[in-house]
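Residue 128 in this note's numbering sits at position 123 of the sequence shown, and the numbers go up by one each step.
Notes follow the structure.
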Amino acid sequence: MKKLSSLILAAALTLGGVSTASAIDFKIRGYWSFSYEVATNSAFVNSRAGGSTGDDFSAGERLRLYLEAKASKSLSGTVGIEIGDIYYGQAEKNNRAMGGALGADGTLIKLKRAFLDWQVPSSDIKVRMGIQGMKLPLFASSGNFVLDDDAAGIVASSRVNENFSVTAMWARLLNDSPLETTPSYYNGTAYDPDHPDNDALDFFALLFPVRFDGFNVTPWVGFAAMGDGIGRNPNKDYSENFIKTSRKKLQEGMGVYTGTGKAPMLLEYGGGETYTWWGGLSANFNRFDPFILKFDFMYGNKQGNGMYRDETYTKDNGKVKKLGKHGPLDADRYNRSGWFASILAEYRFDWGTPGIFAWYSSGDDDDLNNGSERMPAMSGNWEYTHTGFKGTTASGAYDGIFAYQPLGLWGLALQLREIPLMEDLTSHIKVLYMRGTNSANMPKKIAESQYLLKENINGISPAGAIGSYLTTNDWAMEVDWNTEYKIYENLKLVVEASYLYVDFDKDTWSYTAPDGVKYGREWAQRPDNPNVFKVGLNFHYSF
């Protein structure tokens, strides 16, 4: 017994020594977010973010927790989980227990992050691999809509010298199961689950940050390869395991004229891979601080590949043409290319930081045969305002009216940030005017095409399948007033108040068919009241 006790003690001491020698430092961080929002004119508010459709009041919460296991300054691993969004009163969605109804017990624990950080020995190369937040630069605003989202991939960065560094990234955004299983492709080939689908979407990027005293600039390039198996059937939605908001961002940004609600969104079936490239530059000049100037420019080009399936469409002369089963045919109809530029000028005073923000993005012309003239985009929550766009600090009760990307639009805004009202109480004000850059002839062109194809015309709408589509005859304005109160060191209350007015031109969004039938307000789904008021109380506890 004595000998056995000695052996156990020796083993314990040995294990203790090993544990001490390879000690892991565990750190936990996260936040709780609680949001309570009231929005008038709920028929116009796009509530597809997950809240109860048509409700004026929405309440929800979200929890995120991150655990880091750090072995040394050169090696660590992080896992993050998310619980929510949980909308109060919602029992289930898509056959999943949401936990917001009486009795709770939801099943919304989701993997948010899972990555490894390590440094290549004897070098300055840092590597992060796994599920992580990936984003491209956007200095004048936030939420780059080419890519700013969680994704699985690898990011490697290295500092060349004190002024110059390089970052390379690869992400596999989709693979294997982006769509629900369908029995066949549009070319008639039977779907074989054991046969390679060519259904991957890969993204590659290089960033070249340059930093000097008084300014920094980051040029970058990106490239995406999308297999034709990404879409097997446009009548089938993406798998619910492909998060709904991410799905909408991809559809909105890579489709053709998606904003009208009658678009070939990702119609890249059977014609081979689709390739998209981007180039951008973001700059920040602060040499004359407190005056600060920020600038962004991006250009993107997506080459369509046509389709293999039977398809009819309307030619410019009004005749209906039927495509054969073999392609690729009329690939130009699925092209998408355009540009985006933005600028922000600010000057800091003791009483606040006034600024001017402006952007312009190219819009569609009136030719349905040459694709879209809006810049392609895959992701991003553009966050400039919190009713027109998705800039709210809420846990997601409402989508922005204009969805996620400021494409096909130009805007000018006056803003005043960081107004010190009293200790621990600050306020921010924005006044935005924006107008569409899409051709005013586009709605009637699409309606005419739908009529000649004997398709439904009623679904065409400025408040389209994903977000609102503004032409050069349509405009909107938004006023945001946010107030932030620091209750405790880690707890803050953010009150968001917003007013949005949208003016869809009645003549632009009306159509008289050759048979004399007129399509007006009901066709365009324009609300009688184009005003939206929204107030939200948001509590955020972070640690």
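Each residue gets a CB set at the ideal place from its N, CA and C atoms; glycine is no exception.
- For Pro359, there is no enclosing alpha helix (DSSP H); the residue is found in the beta strand (DSSP E) stretching over 358-366.
- By DSSP's assignment, Arg440 forms a beta bridge with Trp415, Trp480.
- In this structure, the beta-carbon distance from Met383 to Met303 does not fall below 8 Å.
- Across the structure, Tyr389 and Ser127 are spaced so that their CA atoms are roughly 42 Å apart.
- Taking 8 Å as the cut-off, the beta carbon of Asp154 is found closer than this to the beta carbon of Met139.
- Exposed is the label assigned to Met427, since fewer than 16 other Cβ atoms lie within 10 Å of its Cβ.
- Under the three-state reduction of DSSP, Leu113 is assigned to coil, being neither helix nor strand.
- His545 is bridged by DSSP to Ser38, Lys497.
- Here the region 427-441 makes contact with the region 479-495; the two share three or more CB pairs at distances below 8 Å.
- In its chain, beyond the 5 residues on either side, Tyr490 have a beta carbon closer than 6 Å to the beta carbon of Leu430.
- The three-state secondary structure of Ala452, taken from DSSP, is helix.
- In this structure, the CA atom of Phe296 is about 28 Å from the CA atom of Lys395.
- With fewer than 16 other beta carbons inside 10 angstroms of its own, Trp356 counts as exposed.
- Judged by DSSP in its simplified three-state form, Gly85 adopts strand.
- By the Cβ criterion, the region 405-420 is not in contact with the region 168-182, since fewer than three pairs of Cβ atoms, one from each stretch, lie closer than 8 Å.
- Its Cα nearest to that of Leu212, the residue Ser162 stands out among Ser162, Ala445, Gly148.
- Gln410 and Gly385 do touch by the CB rule: their CB atoms are close to 6 Å apart, below 8 Å.
- The alpha-carbon of Gly368 is positioned some 12 Å away from that of Asn446.
- Cα atoms of Gly35 and Tyr71: separation of roughly 6 Å, rounded to the nearest angstrom.
- In the DSSP secondary-structure assignment, Glu351 is bridged to Ile297, Gly360.
- The beta-carbon separation of Phe31 and Ala74, rounded to 6 Å, stays under the 8 Å limit for a contact.
- Closest by C-alpha distance to Leu206, out of Phe62, Thr279, Pro535, Asn543, is Thr279.
- Here the region 287-301 makes contact with the region 347-356; the two share three or more CB pairs at distances below 8 Å.
- Contact between Arg164 and Asp129 holds: their C-beta atoms lie close to 5 Å from each other, under 8 Å.
- One alpha carbon belongs to Asn375, the other to Thr513, and they sit about 21 Å apart.
- Going by beta carbons, Asn543 and Ser38 fall inside the 8 Å limit.
- Beyond the five residues adjoining it in sequence on each side, Leu255 comes within less than 6 Å, by CB distance, of Met383 in the same chain, given in chain order.
- With fewer than 16 other beta carbons inside 10 angstroms of its own, Asn168 counts as exposed.
- Counting C-beta atoms within 10 angstroms of its own C-beta, Asn166 has fewer than 16 neighbours from the protein chains shown and is therefore classed as exposed.
- With distances taken between CA atoms, Phe62 lies nearest to Gln95 out of Val84, Gln95, Leu80.
- Taking C-beta atoms under 8 Å as the contact rule, Thr358 and Val537 fail to qualify, at a distance of about 27 Å.
- Annotated three-state conformation of Tyr304 is strand, per DSSP.
- Look at Tyr339 here: in three-state DSSP terms it is helix.
- The straight-line gap separating the alpha-carbon atoms of Ile88 and Leu496 is approximately 19 Å.
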